[in-house]
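Colleague: In this note's numbering, the protein residues as written are 758 to 867. A virtual CB, placed ideally from N, CA and C, is assigned to each residue, including glycine. Dropping a structure here in structure tokens format, bear with me for questions.
So this is what it looks like as structure tokens:
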């Protein structure tokens, strides 16, 4: 079973990627200053900060449930997560989802 996670930025052009499920993370607070601004969602410290913001856990749980439903139906899935620039929040949610599903699927691409 294949799961592909795509992070993207709405402001980068190119439109929304073709996906089975598209999630918008722009409503989650973005790091505005300090060293976090220069990090990406690949950094564990930044992910931890983003996941403490209001609405983050709810979005993560919604994404996880959608993917688990696809898995239960043995359906391959492409999940796209977007934020403004595609650097902090969207990458965070793709990484968190990949970690949460470790052992259940092998994420392909991003």
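1. Would you check if the distance between the CB atom of residue 762 and the CB atom of residue 836 is smaller than 9 Å?
2. Under a three-way DSSP split, which group does residue 814 fall into?
3. Using DSSP's beta-bridge definition, name the partner residues of residue 761.
4. Decide yes or no for the touch test of the stretch 821-834 against the stretch 793-810: beta carbon pairs closer than 8 Å, at least 3 of them.
5. With 16 as the cutoff for other CB atoms within 10 Å, does residue 845 come out buried or exposed?
6. Helix, strand or coil: how does DSSP classify residue 859 here?
Modeller: For this structure:
1. yes
2. helix
3. 835
4. no
5. buried
6. strand
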